[in-house]
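If you're matching them up, the sequences are chains H and B in order.
Count the first sequence with our numbering and you get residues 1 to 577, in order.
Count the second sequence with our numbering and you get residues 1001 to 1169, in order.
Okay, so here's the structure we're looking at.
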Amino acid sequence: MKLDGGQALIRSLELEGVEVMFGLPGGAILPVYDPIIDSSIRHILVRHEQGAGHMAEGYAHATGRPGVAMVTSGPAATNIVTPLCDAYLDSVPMVVITGQVPTGSIGTDAFQECDTTGMTSGITKHNFLVTEAQDIPRTIKEAFHIATTGRPGPVLVDIPKDIVDPRSPNSAMEWSDDVEMDLPGYQPDTSVDPAAIQAAVALMQAAERPVLYIGGGILKARAAEVLRELAELTGFHVVTTLMARGAFPDSHELCLGMPGMHGNFTAVTAMQESDLLIALGSRFDDRVTGRLDGFAVDAKIIHVDIDPAELGKVRRPDVAIQGDCRVAIEAMVELLRVQGVGEADRHAWRSRISGWQERFPLTYEPSVPGEALKPQFVIEKLRDATPDDTIVASGVGQHQMWASQYWTFDHPYTWINSGGLGTMGFSIPAAIGAKAGCPDKTVWAIDGDGCFQMTAQELVTATVENIPIKVALLNNSYLGMVRQWQDMFYDERHSEVFLSKDVPDYKGWAEAMGCFALRVDDPDEVEDAIAQANEVNDRPVVIDFRTEAREKVYPMVASGTTNSDLLVHPSQEDQPR
Amino acid sequence: MTVESEHRNHTLVVTVENKAGVLARVASLFARRAFNIKSLAVAPTDDEGLSRISIVVDGASAPLEQVVNQLNKLINVVHIQDLQPGHAVERELMLVTVTVEPDHRDDIVEKLDRAGGKVMSVGIDAMMLSLVGAPDRIDAFEDFLRPYGILDLQRTGRVALANLDEPID
Ligand SMILES: Cc1ncc(C[n+]2csc(CCOP(=O)(O)OP(=O)(O)O)c2C)c(N)n1
Ligand SMILES: [Mg+2]
């Protein structure tokens, strides 16, 4: 069958099972936008290409299926660089298609030409510049294969205009239903070495102070269930990093919550004092380890990762297991069932842990009627008034840390955030992408006022495309996280962190974008506002919560210090550690 | 180059798909991860779909395992062979033009003969020589020539193959 390249591209996407894609057309990609009209794929027209990229990420986080975005060349390609890098650092499966100037014009500084593959080679798992229409189906197949297998990640496919434009002879191609991938250098290995599993199990049996250190890889491996089996079988405590919140239920008695720079005292300290860290799909990120030479100095390390380059990159493991986390955990469980979980005495460890939990719970001074809201209070109220499988997408800053700390994540794939890159403006488009993929779920974005102003225009997309997300704006009038550092490390000298007390009028702005909007100043109004928001399901909702600007995120490991120097809430400073 | 540092040098023989932009991917990976390249040679292989990149890295300046692991993540990298110091035959080619008074010519030619080199071209007061050899031999010959006055010099990147069971070298 004869097709043109544009038709072949859309057909290839359909064959990959793509149901939703996010994008915005322009000159170079124009020919591909024509066959979309006749396609089964739902195309969501964004207001800025960064939005398309984060939507694709949010979709992928929530559904486990690759997110797809399509944009034109030049400025559109540069606009989507941030989401690509975001997806690269957080291992999000995503395929981005960019238009490119015609093959004959490449390298001539043609209108809207930019070296898209060159620019993105360091922030994609792989990218392709396709030069023949005939290669389109194979390349799309390879792109999805690479994005979704092994350690997932973003793949970019750059498509010159002439190979998709029916007016150009270069777009002619012969469609065939069977295309073979040609990737001689790509064979991700998911199997695990049984000897390494045995060695790991031996360390586990002997450990007196073990901690399961869970990263986002567990979610990518769809391994939450088997992780729970492993935890319950061994009785080992679990910490879930910022990327893994929800991979193990927060309300489970073995869950210690989030470790790291703003982790809770018990999670941080249990890792720090442990004699065995079982790192599953986690990567010893600096935000988790604090100063490396003082990190968990007595701990032996078992490290399971699908990416061999993670093993030993930061901390040398005693047992390195390259492979899929689910396969590895299943093998561990099987062996532990046969051999037992060891005779090691873990009573003292358990009571130390519960002592920390008693002395150092997360805490804040409560909201006082008539005064500004405490952001933690707002999050607790929101948490208690929403279904427990609500998807929460957050921005980056203080509000992100509080959301991660105070929400109770009891289900995998309910927490979506920008961990590795820390991209302000992530939440609204990511929430839209999640809602597009899971229309039956309640999706709340928890956003900061700084972040909101970076990507709020996508609420127009949400209204027009009928994707009713809800936004809890924790509005402290500041770039709060930066202010916190200036408070703590720069003698409270505030430099360029104050936004404005009354501009913009968020309620008016949200209404102008077609949302239902409320503004809440008093703690007594919080519950009612959330109840009203929960009633609205025919358009997006924005609640502008006016929060206390002086509030700080505790605990905190100041940069350059070790996790043992964790700063706790002032009210806990005198507690014995 | 001191003997110690030469001993830390590993030659990575990286077989890659012969496609546009692959060398740039490899080079930018080294730049981004702050791995230093000491020498680089690229050439086709007997399979026209593949090329071979020989990269010399200082095994002490960069964690070699990380270099190899990160390279392996490049989709276009098909195979990596890490040739340990002392376990491979390594060769470079030097082309050099040196000023030589006629009465010194015999010294140089004699030394060159012993090293297995060739005279490529002779001018009134200069000669162009070529020499293939192990990198340290090339270094030594370059040092020997320097007092005469080197006018121009080019060395290729290093290429290498693993030793057979019974090394001849
Ligand atoms: C795109 C981008 N620019 C700058 C930063 C640095 N940064 C981290 S948090 C933060 C403040 C965020 O402010 P806001 O959204 O109001 O959240 P808050 O901390 O006040 O809760 C800034 C500027 C960033 N992470 N991302
Ligand atoms: Mg703020």
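The C-beta atom is built at its ideal place from N, Cα and C for all residues, glycine as well.
Computed from a predicted model, the values in this text were never measured in an experiment.
| query | result |
| --- | --- |
| Span separating the alpha-carbon of H/T562 from that of H/D293 | 8 Å |
| Residues bridged to H/K2 (per DSSP) | H/E174 |
| Status (buried if at least 16 other CB within 10 Å, exposed otherwise) for H/F22 | buried |
| Same chain only: Cβ atoms within 6 Å of B/V1013, ignoring 5 sequence neighbours per side | S1054, Q1081 |
| H/F265 CB to nearest heavy atom of ligand 1 below 8 Å | no |
| Closer than 9 Å to chain B by CB, H/P184 | yes |
| Contact set between B/G1021 and chain H, taken where Cβ atoms lie within less than 7 Å | T117 |
| Where H/G122 meets chain B, residues with beta-carbon distance less than 8 Å | S1028, L1029, R1032 |
| Any chain H beta carbon closer than 9 Å to B/H1079 | yes |
| Environment of B/V1003 [buried if 16+ CB atoms lie within 10 Å] | Reliability of the predicted coordinates at B/V1003 is poor, the pLDDT of 43 falling under 50, and the value obtained from them is presented with this limitation in mind. Flag for B/V1003 reads exposed. |
| Minimum Cβ-Cβ distance from H/H126 to chain B less than 9 Å | yes |
| Residues bridged to H/N127 (per DSSP) | H/L156 |
| H/K2 classed as buried or exposed, judged by whether at least 16 other C-beta atoms fall within 10 angstroms | exposed |
| The segment 485-493 of chain H in contact with the segment 514-521 of chain H per 3-pair CB rule at 8 Å | no |
| Ligand 2 heavy atom lying under 8 Å from the CB of H/Y478 | yes |
| Sequence-distant residues of its chain with Cβ nearer than 8 Å to H/I214 (five each side left out) | L227, V238, V239, T240, T241, A244, A247, F248, L280, G281, S282 |
| Near ligand 2: H/L474 beta-carbon under 8 Å from a heavy atom | yes |
| Cutoff 9 Å: H/K220 Cβ touching any chain B Cβ | no |
| Chain-ordered chain B contacts of H/K313 [CB-CB under 7 Å] | Q1066 |
| For H/D250, the first and last residue of its enclosing alpha helix (DSSP H) | Here H/D250 belongs to no alpha helix (DSSP H), and DSSP marks it neither H nor E. |
| Of the residues H/E343, H/R577, H/Q453, H/K470, the one placed nearest H/E208, counting alpha carbons only | H/E343 |
| Closer than 9 Å to chain B by CB, H/P308 | yes |
| Closest by C-alpha distance to B/V1022, when choosing among B/F1035, B/L1050, B/N1069, B/D1106 | B/L1050 |
| Any C-beta of chain B under 9 Å from that of H/L84 | no |
| Span separating the alpha-carbon of B/M1001 from that of B/K1038 | Confidence is the limiting factor: at B/M1001 the pLDDT is only 39, short of 50, which leaves the residue's position unreliable and the question unanswerable from this model. |
| Three-state secondary structure assigned by DSSP to H/V482 | helix |
| Environment of B/D1169 [buried if 16+ CB atoms lie within 10 Å] | Residue placement at B/D1169 is poorly supported in this model, since its pLDDT is 45, which falls under 50; the coordinates are not used for a value here. |
| Distance CB(H/Y506)-CB(H/N476) smaller than 9 Å | no |
| Residue environment, H/I379, which counts as buried when at least 16 other CB atoms sit within 10 Å | buried |
| Simplified DSSP state of H/S471, which is helix, strand or coil | Per the sequence shown, residue 471 of chain H should be read as Val rather than Ser. Looking at H/V471 - three-state DSSP - the assignment turns out to be strand. |
| Entirely enclosed beta strand (DSSP E) segments - the segment 170-248 of chain H, minimum 3 residues | 172-174, 210-214, 237-240 |
| Nearest candidate by alpha-carbon position, reference H/D162, set H/E330, H/H347, H/D440, H/G27 | H/G27 |
| Any non-hydrogen atom of ligand 1 within 8 Å of H/G290 CB | no |
| Collapsed DSSP secondary structure at H/W444 in the structure displayed | strand |
| Where H/I617 meets chain B, residues with beta-carbon distance less than 7 Å | The structure shown has nothing for residue 617 of chain H, since chain H only spans 1 to 577. |
| Closer than 7 Å at the beta carbon, the chain H residues around B/E1017 | P184, G185 |
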